[in-house]
Amino acid sequence: MAPDTLAPTTGTPPRSTMPREVARRRGGTQGWHPTLGTGPTTRILTSLALVLMAAAWLLPFAWAIDTSLKTEVDASSDTGWFPDGGFSLDAYRKIFDQGNIPVWALNSLLIALAVTALTVLISAMAAYAFSRTLFRGRRALFAATLASIMVPPQILIVPLFRQMLSMNLVDTYAAVILPQAVAPAMVYILKKFFDSVPRELEEAARIDGAGSWRVFASVVLPLSRPILAAVAIFVFITTWNNFLWPFISTSDPGLMTLPVGLSTIKDSSGLMYAQTSAASILAGIPLLIVFMLFQRQIVKSVATTGLGGQ
């Protein structure tokens, strides 16, 4: 065979012309990324639908920002998006002049941090026990935990309030924090992740003389940082926005959280729409900062651990 008829053995190999769908069916999905469509018309229609859904989702936020920049007279009247008296920052100035807003914001921050820390700790220990330890009634107890996820939290309001009342904890931080630290859904999510942790790592640590607590703290938890960060973010956001239980368990204005305190911003003429909208915008800023700081952890945990229930 002549040398010029030999196939080249060096250089960049030719790119595969195999269709992506065929490659996906054959298991060769590495390096393949989904697209919005196969044709330009499909892509345009899909992009248009996404833009419309994003606009519909952002419309309430735009309306709240617009209302917060109006005077109370314009906010209470039908002036449309552009007020007759022009835009103003009076609502924000009046909020900062009131002494309760910083107190409510501080209460929300302290309660959200405490609930997040307790929930992550309790849920991680319970999930590790369900995943790695054997004890009588483990399956029944885990089934009861899963069943509790399907119970609407509104049903538990009265029993929880009676329990807090019997313990003389009403109108205290403990009454707001402790019931919210129980999160069966987080136990399930963490258990599913702990099930995927290789047992060889724990066995190697036990051979070195580590006990159960040492294995849990030094081996399992460091490997679970992405899912722990995701759980912490979800719990923090849920606790920050929670209204019903803090509203039921507290009546002292000094213990109110921000969502509860905002509902009390009224004057003799009724609800003050501009100040309420301005306070809502300010209340959402901490959540936006938290999400921007930890969004990579959330996306990574969802992508690598199957937060959707794999």
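Under this note's numbering, the residues of the sequence shown are numbered 634 to 943, in order. Glycine residues also receive a C-beta, built at the ideal position from the N, C-alpha and C atoms. Note that the coordinates shown come from a computational prediction; the quantities given were computed from them, not determined experimentally.
Q: In the DSSP assignment, find the alpha helix (DSSP H) that holds L743 and state where it starts and stops.
A: Residues 733-765.
(Q) Do T752 and V932 have their beta-carbon atoms positioned less than 9 angstroms apart in this structure? (A) In terms of Cβ geometry, V932 and T752 do not form a close pair [threshold 9 angstroms].
Q. In or out: M686 buried (at least 16 other Cβ within 10 Å) or exposed?
A. Label assigned to M686: exposed.
Q) Can you find at least 3 beta carbon pairs, one from the region 759-772 and one from the region 904-919, that sit closer than 8 angstroms? A) no
Q: Please name the residue, chosen from F826, E835, A843, that lies closest to L861 on a Cα-to-Cα basis.
A: F826
Q | Start-to-end residues for the alpha helix (DSSP H) that takes in K703 | A | Careful: K703 lies outside any alpha helix (DSSP H) and carries neither H nor E.
(Q) I'd like to know whether the C-beta of L691 is nearer than 9 angstroms to at least one C-beta of chain D. (A) The structure shown has no chain D; it contains just one protein chain.
Q | At least 3 beta-carbon pairs within less than 8 angstroms: the region 836-849 vs the region 709-717 | A | no
Q. Taking C-alpha atoms, which residue in D730, P817, M800 lies nearest to A757?
A. P817
Q) Leaving out the 5 sequence neighbours to the left and right, which residues in its chain are closer than 7 angstroms to F876 when beta-carbon positions are compared? A) P892, V893
Q | Straight-line gap, R771 to V809 (C-alpha atoms, nearest Å) | A | Using only the alpha carbons, I get a separation of about 30 angstroms.
Q: Just the C-alpha distance for G719 and L888, rounded to the nearest angstrom, thanks.
A: 36 angstroms
Q | When P673, L742, Q731 are compared against G917, the one with the closest alpha-carbon | A | L742
**Q.** Span of the alpha helix (DSSP H) around P792
**A.** That run of the alpha helix (DSSP H) goes 790-799.
Q: Put S827 into one of helix, strand or coil per three-state DSSP.
A: Here residue 827 is Phe; the residue named in the question, Ser, does not match the sequence. In this structure, F827 counts as helix in the three-state DSSP scheme.
Q: Quick one: give me the first and last residue of the alpha helix (DSSP H) that V607 is part of.
A: As displayed, the chain neither begins before 634 nor continues past 943, which places residue 607 out of reach and without an answer.
**Q.** Presumed contact (8 angstroms Cβ cut-off) between W878 and A745, rounded CB distance
**A.** Contact doesn't hold; Cβ gap of about 13 angstroms is too wide.
Q. Roughly how many angstroms lie between the CA atoms of T618 and D885, to the nearest whole one?
A. Residue 618 lies beyond the residue range present for the chain, which begins at 634 and ends at 943; the question has no answer from this structure.
Q) For W690, which three-state DSSP category applies? A) Looking at W690 - three-state DSSP - the assignment turns out to be helix.
Q.
Which residue marks the beginning of the alpha helix (DSSP H) containing L778, and which one marks its end?
A. Here residue 778 turns out to be Thr, not Leu, going by the sequence shown. Residues 771-782.
Q: With distances taken Cα to Cα, identify the nearest neighbour of I881 among E705, A689, Y725, P812.
A: P812
Q: Return yes when the Cβ of K727 is within less than 9 angstroms of the Cβ of F775, no when it is not.
A: no
Q) For S884, which three-state DSSP category applies? A) coil
Q. Just how far apart, CA to CA, sit A708 and Q796?
A. 42 angstroms
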